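Quick notes on the structure that follows.
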Amino acid sequence: MAATQTTTHRIFTMAFAKVYPMYVQKAQRKGRTKEEVDEIIRWLTGYDQAGLERQIEQGNDFETFFAHAPAMNPNSSLITGVVCGVRVEAVEDPLMQKIRYLDKLVDELAKGRKMEKVLRQ
Numbered sequence: 267m268a269a270t271q272t273t274t275h276r277i278f279t280m281a282f283a284k285v286y287p288m289y290v291q292k293a294q295r296k297g298r299t300k301e302e303v304d305e306i307i308r309w310l311t312g313y314d315q316a317g318l319e320r321q322i323e324q325g326n327d328f329e330t331f332f333a334h335a336p337a338m339n340p341n342s343s344l345i346t347g348v349v350c351g352v353r354v355e356a357v358e359d360p361l362m363q364k365i366r367y368l369d370k371l372v373d374e375l376a377k378g379r380k381m382e383k384v385l386r387q
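Numbering-wise, the sequence shown is residues 267 to 387 according to my numbering.
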């Protein structure tokens, strides 16, 4: 069956709380911290720490997680590059692009980039 524009990607309905530990583990394997991962997520989405923890505790899916995000960072458009073989700036679906932005930021953190560079400062 061919995918269409209206296809819901499986990741959209996946609980953010199930993927979050993987982001943390990826960073920690490379000597980075959970706090740095949280900082990236807060920077991208506008959540404060309590709001981020609440989203994780509630088990919200990615769609809800990003729908409830207080404010996407205006500098998120500066996130470019390839993650999982896909150029993040070329992703057409807005939700998928936000997910890819987050993936890219965690990748950059795990690769040892300085936090100022990761956060586009």
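We put the beta carbon where it would ideally sit given N, CA and C, even for glycine.
Bear in mind the structure is a predicted one, so any value in this text is a computation, not a measurement.
Leaving out five residues before and five after residue i in sequence, what residues of the same chain have Cβ atoms less than 7 Å from its Cβ?
i: F278; result: D327, F328, E329 and L361
i: F282; result: Q321, I322, N326, D327, F328 and F331
i: V349; result: R366, D369, K370 and D373
i: E382; result: none
i: M280; result: D327 and F328
i: L344; result: R386
So for residue i, helix, strand or coil by DSSP?
i: D359; result: coil
i: R386; result: coil
i: R379; result: coil
i: F328; result: helix
Just to confirm my understanding: we take residue i, look at its own chain, exclude 5 residues before and 5 after, and list those with CB closer than 6 Å. What are they?
i: H334; result: none
i: R298; result: L375
i: K364; result: F332
So, residue i versus residue j, is the Cβ gap smaller than 8 Å?
i: A293; j: G312; result: no
i: V303; j: V285; result: no
i: A376; j: K300; result: no
i: N341; j: R379; result: no
i: I306; j: V384; result: yes
i: N339; j: L310; result: yes
Would you please state the rounded distance, in angstroms, between the beta carbons of residue i and residue j? I believe it to be under 8 Å.
i: G347; j: V354; result: 6 Å
Which full runs of the alpha helix (DSSP H) of 4+ residues lie inside the segment 273-320, going along the chain? Runs of alpha helix (DSSP H) with 4 or more residues, each lying fully within the segment 273-320, are found at 282-295 and 300-311, listed in chain order.
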